[in-house]
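Encoded as structure tokens, the structure appears first; notes follow it.
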Amino acid sequence: MSNPISTTPATNDAFTQEVAKLIVHALNLDVDPASIAPDETLYGSGLGLDSIDILEVALVVSKNYGIQLRADHEDNEKIFSSLRSLSDYIAANKAQ
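The opening position of the sequence shown corresponds to residue 1 in the UniProt record's numbering, with each subsequent residue numbered one higher.
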């Protein structure tokens, strides 16, 4: 059984910015987290993350929010498609 991508309304801007800061810090990006558009593509074009970066993000998300993101998860492409989709997934599935 797979977890839904989002079971809550779109995440609030504060949480989306928290996730952006987490990504920037984890990857040591030279980018202002506030400049990452919520719907900008994370992988490839857009923010320009590669598969190793995505693995790093998955590890830090797991550590900070108690969510296991596996490499073989069927929804990874959608989960990591944008900052908003990642934030929505975390908000819907994080350990309470």
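Where is the CB? At the ideal position from N, CA and C, for every residue including glycine.
Backbone secondary structure at residue i - three-state DSSP
i	result
L27	helix
S82	strand
L59	helix
residue 99	The shown model of the chain, from 1 to 96, leaves out residue 99, and the question about it has no answer.
Residue i versus residue j: straight-line alpha-carbon distance, rounded
i	j	result
L42	L49	6 Å
E77	V19	17 Å
A95	D88	14 Å
Own chain, CB closer than 7 Å to residue i, minus 5 neighbours either side, in chain order
i	result
V60	L22, A26
I54	Y43, F80
With 16 other Cβ atoms within 10 Å as the buried cut-off, status of residue i
i	result
F58	The amino acid at residue 58 is misidentified as Phe; the sequence shows Ala. Buried, since its Cβ has 16 or more Cβ neighbours within 10 Å.
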